[in-house]
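Undergrad:
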Amino acid sequence: MKKRLLILGMIFTMAVSSAGCGSSSSDNAGKTEQPKQTATVQDSQKDTSNDSKSDNDKKDEKYKSADEITMDDLMSHGETPAEDFELIDNSDEIVIEKYVGKDPIVVIPDEIDGKKVVDFDKTFWNNKIVVAIRVGNNVTEIKKTAFVNCESLKYVVLGESVKSLGSNSFVNTNIKEIELNDGLQKIGEDDTNNTVDAPDSNYGMDLKIPDSVTEIHVRDFNLIVKSGSQAEQYAKDFADSNNLTYTVE
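If you use mature numbering (1 follows the signal peptide of the UniProt record, and there is no 0), the sequence shown corresponds to residues -19 to -1, 1 to 230, in order.
Structure (structure tokens):
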């Protein structure tokens, strides 16, 4: 009888021990899965961080300083996006009213939303950051005092359709180079108070006059003119009174 009880006790002990081992194995299996879940969360956090960094990079975009910008930079620059302007959207054309961007190089687009950009009026009055401007090819007139007090402005390139450049366009700018288009016909309005003048900081700067120009009223430039052109005759006639020098090509 005692032997039978001893055997039953041993069987009971072995059963309890086996159950304990099974529980331990199950617990361990659960623990090994936890690191995988943590890694997944960390990867997700890492991706979100990268997206945030990318957004910050866009916000912190750096531009060249005024001293670094060249005419080549202007000529190779893409069109300025529409969101950098305040616009008047007419039925079939666009007039730009104000520049609200931060890029010191501005390229006025030929079109916005399929409509021709025909004018920019007083967009750049009193602007402190713009260094270089390229005018779009659907603008036909640069109005009087177009760039007045745009004090950082150094470079201007006219679009291919411009017919007239208004007087006093570069008052209180730092203009160093102006590229006039073939097809331009008129510069300034008269030789009293309505001329196009070189700025005080760059008296005597070069201004190359296209053959197409038939009326010219300027001061304080060195005109680069073609032999026999209207511009050459003007330079001869007004050299003293308008403080002009000239070079014949």
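Backbone N, C-alpha and C define an ideal beta-carbon position, used for all residues, glycine too. In this text the structure is predicted, and so the values were computed from the model without any measurement.
#1: Does the Cβ of A135 have 16 or more other Cβ atoms within 10 Å, making it buried, or fewer, making it exposed?
#2: Among N107, V111, V88, which has the Cα closest to the Cα of E49?
#3: Flag this pair as touching only if the region 77 to 90 and the region 51 to 69 have three or more C-beta atom pairs under 8 angstroms; answer yes or no.
#4: What does the alpha-carbon distance come out to for the pair N108 and D178?
#5: Quick one: what does DSSP say A216 is sitting in, helix, strand or coil?
#6: Would you call N174 buried or exposed, if buried means 16 or more other Cβ atoms sit within 10 Å of its Cβ?
#7: Decide if I69 is buried, meaning its Cβ has at least 16 other Cβ atoms within 10 Å, or exposed.
#8: Tell me the DSSP bridge mates of S145?
#9: Runs of 3 residues minimum, wholly inside the region 173 to 223: which ones carry the beta strand (DSSP E) assignment?
#10: Rounded to whole angstroms, what is the Cα-Cα separation between D187 and D100?
#11: Taking C-alpha atoms, which residue in N183, N153, K144 lies nearest to Q166?
#12: Can you name, in chain order, every residue of its own chain whose Cβ lies under 8 angstroms from the Cβ of V76, other than the five neighbours on each side?
#13: By the three-class DSSP mapping on this structure, what secondary structure does D100 have?
#14: Sorted by chain position, which residues of the same chain lie with C-beta nearer than 7 angstroms to A216's C-beta, five sequence neighbours on each side aside?
#15: Buried or exposed: which applies to S46, given that a residue is buried once 16 or more other Cβ atoms fall within 10 Å of its Cβ?
#16: Residues in the same chain with beta-carbon distance under 6 angstroms from E160, minus the five sequence neighbours each way, listed in chain order, please.
#17: Report all residues from its chain with a CB closer than 8 angstroms to the CB of D54; omit the five preceding and five following residues, and keep chain order.
#18: So for D54, helix, strand or coil by DSSP?
#19: If you run the structure through DSSP and keep just helix, strand and coil, what is A113?
#20: In terms of residue numbering, what span does the beta strand (DSSP E) encompassing V76 cover?
#21: So for E64, helix, strand or coil by DSSP?
#22: If you check the beta carbons only, do N118 and S150 fall under 8 angstroms apart?
#23: Using only CA atoms, which one of K83, G140, K79, V229 lies nearest to E122?
#24: Nearest-angstrom Cα distance between residue 234 and D201?
#25: To the nearest angstrom, how far is it from the Cα of K189 to the Cα of K43?
#26: Quick check on DSSP: helix, strand or coil for T226?
#27: Measuring straight from C-alpha to C-alpha, what distance separates K79 and W106?
TA: The short version:
#1: It is worth fixing the name first, because residue 135 is Lys in this sequence and not Ala. It counts as buried.
#2: V111
#3: Counting C-beta pairs closer than 8 angstroms gives three or more between the region 77 to 90 and the region 51 to 69, which meets the contact rule.
#4: 19 angstroms
#5: helix
#6: exposed
#7: exposed
#8: E122, K167
#9: Whole beta strand (DSSP E) segments, 3+ residues: 186 to 189, 202 to 206.
#10: 27 angstroms
#11: K144
#12: L68, I69, V98, V99, D100, F101, D102
#13: strand
#14: Answer for A216: L204, V206, L225, Y227, listed in chain order.
#15: exposed
#16: V138
#17: Closer than 8 angstroms at the Cβ level, and outside the excluded window around D54, lie K45, I86, A113.
#18: DSSP places D54 in helix when its eight states are reduced to three.
#19: Strand, per DSSP.
#20: 74 to 80
#21: Here E64 carries a helix assignment [DSSP, helix/strand/coil].
#22: When the beta-carbon positions are compared, N118 and S150 stay at least 8 angstroms from each other.
#23: Answer by Cα proximity: G140.
#24: What is shown of the chain runs -19 to 230, which leaves residue 234 out entirely.
#25: If I take the Cα positions, the gap works out to 33 angstroms.
#26: strand
#27: Straight across, the Cα-Cα distance linking K79 with W106 is about 9 angstroms.
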